[in-house]
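Peer 1:
Set out below in structure tokens:
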């Protein structure tokens, strides 16, 4: 009796393997770039980058002016004033360094914040296509070295699901 149960347990997985495996692929980068939300995200990111660029340019102009004034006047300044002006110039440099660091972090955070819903929408569309078409696996061919002839290109289905 035990041998029969063990034999049945060994044979059952073979039945699961015999089921048809349907594999499809989706060119996610192609679909992603075609989504209208991406151009909106790119516009917001360009605006944010421009805002930070203008602000940094103002700081650089202030730094350059103070530095030029200092170089031009340093011979006529007392030692105390020289030290204070040098400190002002150094403070501006530190503010610019901090500003660049904070701006980079803010840009990365904003990009991630804008990307997340777009990626989620794409993922959900791929998942729905997989369920509707009965695919066992949907993969991105960019991550593969070879895509066989039996794989179905589900990219058009996903584009349709997204209304593209």
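In mature numbering (1 follows the signal peptide of the UniProt record, and there is no 0), the protein residues as written are -18 to -1, 1 to 146.
Note that beta-carbon positions come from the ideal geometry of N, C-alpha and C, so glycine has one too.
1. Could you check which residue in 125, 121, 112 has the C-alpha nearest to that of residue 139?
2. Report the CB separation of residue 45 from residue 75 in whole angstroms; it is logged as a contact under 8 Å.
3. Three-state secondary structure (DSSP) at residue 8?
4. Within 10 angstroms of the Cβ of residue 63, are there 16 or more other Cβ atoms? Answer buried if so, exposed if not.
5. DSSP beta-bridge partners for residue 119?
6. Could you say which of 120, 17, 68, 23 lies nearest to residue 50 if we only look at CA atoms?
7. Taking the C-alpha atoms as reference points, what is the distance between residue 27 and residue 57?
Peer 2: Well, looking at it:
1. 112
2. 6 Å
3. coil
4. exposed
5. 5
6. 68
7. 46 Å
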